[in-house]
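Peer 1: This is the structure, below, for whatever I ask next.
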Amino acid sequence: MYVLVMAYGETRQARIVRALRSAESVSVADLSRALGASEVTIRRDLAELEQAGVLRRVRGGAVSAMLRGEGLPFAMRELERAEAKARIAAAAVARVSDGESVVLDGGTTGSAAARCLVERRLTVVPLALSEFGALAAAPGVSLLLPGGTVCAGESSLVGPMTEQNLAQLRLDTMLLTCCGFDPRRGVTAYDLQDAAVKRAAMAASARTIAMVDSSKFARTAMAVVCATAAVDMVITDVDAPEDVVAALRADGIEVQCV
Numbered sequence: 001m002y003v004l005v006m007a008y009g010e011t012r013q014a015r016i017v018r019a020l021r022s023a024e025s026v027s028v029a030d031l032s033r034a035l036g037a038s039e040v041t042i043r044r045d046l047a048e049l050e051q052a053g054v055l056r057r058v059r060g061g062a063v064s065a066m067l068r069g070e071g072l073p074f075a076m077r078e079l080e081r082a083e084a085k086a087r088i089a090a091a092a093v094a095r096v097s098d099g100e101s102v103v104l105d106g107g108t109t110g111s112a113a114a115r116c117l118v119e120r121r122l123t124v125v126p127l128a129l130s131e132f133g134a135l136a137a138a139p140g141v142s143l144l145l146p147g148g149t150v151c152a153g154e155s156s157l158v159g160p161m162t163e164q165n166l167a168q169l170r171l172d173t174m175l176l177t178c179c180g181f182d183p184r185r186g187v188t189a190y191d192l193q194d195a196a197v198k199r200a201a202m203a204a205s206a207r208t209i210a211m212v213d214s215s216k217f218a219r220t221a222m223a224v225v226c227a228t229a230a231v232d233m234v235i236t237d238v239d240a241p242e243d244v245v246a247a248l249r250a251d252g253i254e255v256q257c258v
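Numbering follows full-length UniProt numbering, in which position 226 of the sequence shown is assigned residue number 226; successive positions increment by one, without gaps.
And the structure:
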C-alpha cells in the first residue's frame, strides 16, 4: 500500500495521477481509503482517466499507460498543483514591467501566466495558441504570434519556422516553463522540438525567468533545454526542496518561493 499525501486544492483525479507517477499501479481499495471516496466513485474516476489515456484499468485497480519519461496530456497536467502554478505565474508576471516585450512559453504554467497578463501593457510573443486566445482581447497587450507547427494536444508552436521567427526578435524577458529542473542535469523537456523552441526563445531574450512548480525538481525529461546556469531567476512554490533551492542560490541564481 502506498501513502498519498494530499495537496490543498488538488482534485481527486489529480491525486490519482500523482499516485500513478510514483507507484506505476494503484488499487481501488487503497485509493478509496486514501482519498475518502467510495470505491464506486474511484472506479468512475479511473474510467475517465483511462479515456484520457493516462492509465489502463485492471482487475482491482489500474496501471499507468504513460511511457517512461512521457508527459501527461495537457488537460491532466492542468489538474496537477494548479494553485501552486497560479501563484508562480502571478509572481513571475509581477517581475515584468509595463512596456516590456515578453515571450511566453507554452504549458500549463504558461497558460496561467497568460491569464495574469490580461490587464498589463506589454508586447507578448505567445508560444501556444491557447495563450494567444487568452490575450487576444486584452486592450493593453500587443500580440506577436510566430509561425510554426501546432503540437497536437498542446496547442504549442514548434518547428523550424517558430525557431527562425524567434531568431529575428530581440525581447526583454522569457517566461520559461519546463518538464524537469535539476541543478546537475539541467532544464529538460519531454519533446525535442519543444526544447529547441525554448532555446531559441531564451537566445532572443535579455533574461529568462523560469516558472517551476516543486514537482519538476524530482523529474528529468529526455530533451535537454539548457543548464540551470542559463536561467536568471527561478520562481517556485514553498514545497521546493531546500537543498535544491540552496544549490541554485549558490550558483548565483535568484530563487523566489511563493
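Every residue, glycine too, gets a C-beta built ideally from N, C-alpha and C. This structure is a prediction, so every number in the text was calculated from the model and none was measured.
Going by the C-beta, is R12 closer than 7 Å to any heavy atom of the ligand GTP?
Peer 2: Absence of the ligand GTP is noted for the structure shown, with no ligands found whatsoever.
Peer 1: Which of helix, strand or coil does DSSP assign to T149?
Peer 2: On the sequence shown, residue 149 is found 149 positions in, with the first residue counted as 1. Of the three classes helix, strand and coil, the one that applies to T149 here is strand, per DSSP.
Peer 1: Among the residues of its own chain, which have a CB less than 6 Å from the CB of V238, if the five just before and after it don't count?
Peer 2: Locating residue 238 in the sequence shown gives position 238, counting from the first residue. Excluding sequence neighbours, V238 sits near C257.
Peer 1: So, using beta-carbon positions, are L171 and D105 closer together than 8 Å?
Peer 2: Numbered from 1 along the sequence shown, position 171 holds the residue referred to as residue 171. Numbered from 1 along the sequence shown, position 105 holds the residue referred to as residue 105. No, these two residues do not count as a Cβ contact at 8 Å.
Peer 1: Assuming A113 and M211 are in contact, meaning their beta carbons sit under 8 Å apart, how far apart are those beta carbons, in whole angstroms?
Peer 2: As a working mapping, residue 113 is identified with position 113 in the sequence shown. As a working mapping, residue 211 is identified with position 211 in the sequence shown. Confirmed, Cβ separation roughly 7 Å.
Peer 1: Mapping the DSSP letters down to three states, classify A246 as helix, strand or coil.
Peer 2: Here residue 246 refers to the residue found at position 246 of the sequence shown. Here A246 sits in helix by DSSP.
Peer 1: Would you identify the three-state DSSP class for T208, choosing helix, strand or coil?
Peer 2: Numbered from its first residue, the sequence shown carries residue 208 at position 208. T208: strand per DSSP, three-state reduction.
Peer 1: Against chain D, does A14 count as a neighbour if the rule is that its beta carbon must be under 8 Å from one of theirs?
Peer 2: Within the model displayed, chain D is absent; a lone protein chain is all it includes.
Peer 1: Thinking C-beta only, is T220 closer than 8 Å to G180?
Peer 2: To locate residue 180, count along the sequence shown from 1; it is residue 180. To locate residue 220, count along the sequence shown from 1; it is residue 220. Taking 8 Å as the Cβ cut-off, G180 and T220 qualify as a contacting pair.
Peer 1: Can L169 and A136 be called in contact, C-beta distance under 8 Å?
Peer 2: On the sequence shown, position 169 is the one that residue 169 refers to. On the sequence shown, position 136 is the one that residue 136 refers to. In this structure, A136 does not lie closer than 8 Å to L169 by Cβ.
Peer 1: From A14 to C178, what does the alpha carbon distance come to, in whole angstroms?
Peer 2: Within the sequence shown, the letter at position 14 stands for residue 14. Within the sequence shown, the letter at position 178 stands for residue 178. Taking the straight line from one Cα to the other gives about 19 Å.
Peer 1: Quick check on V3: does DSSP put it in helix, strand or coil?
Peer 2: As a working note, residue 3 is residue 3 in the sequence shown. In this prediction, V3 has a pLDDT of 41, which is less than 50 and means its spatial position is unreliable; what the coordinates show is noted afterwards. The answer is coil: DSSP assigns V3 none of H, G, I, E or B.
Peer 1: From what residue to what residue does the alpha helix (DSSP H) around T108 run?
Peer 2: Counting from one through the sequence shown, the residue named residue 108 turns up at place 108. That run of the alpha helix (DSSP H) goes 108-116.
Peer 1: Taking just the CA atoms, how far does G140 sit from R207?
Peer 2: Position 207 of the sequence shown, counted from the start, is the residue given in the question as residue 207. Position 140 of the sequence shown, counted from the start, is the residue given in the question as residue 140. So the two alpha carbons sit approximately 22 Å from each other.
Peer 1: Provide the residue span of the beta strand (DSSP E) that contains Q256, from first to last.
Peer 2: Translated into positions along the sequence shown, residue 256 becomes position 256. Taken as a continuous stretch (DSSP letters only), the beta strand (DSSP E) holding Q256 covers 254-257.
Peer 1: Is Q193 buried or exposed, if buried means 16 or more other CB atoms sit within 10 Å of its CB?
Peer 2: In the sequence shown, the residue the question calls residue 193 occupies position 193. It is buried - the Cβ of Q193 has at least 16 other Cβ atoms within 10 Å.
Peer 1: List the endpoints of the continuous alpha helix (DSSP H) containing T123.
Peer 2: Taking the sequence shown and counting its residues from 1, the one referred to as residue 123 is at position 123. From DSSP, T123 is part of no alpha helix (DSSP H) but of the beta strand (DSSP E) over 122-126.
Peer 1: Report yes if the CB atom of L144 is closer than 8 Å to the CB atom of T123, and no otherwise.
Peer 2: Position 144 of the sequence shown, counted from the first residue, corresponds to residue 144. Position 123 of the sequence shown, counted from the first residue, corresponds to residue 123. Cβ atoms of L144 and T123: closer than 8 Å.
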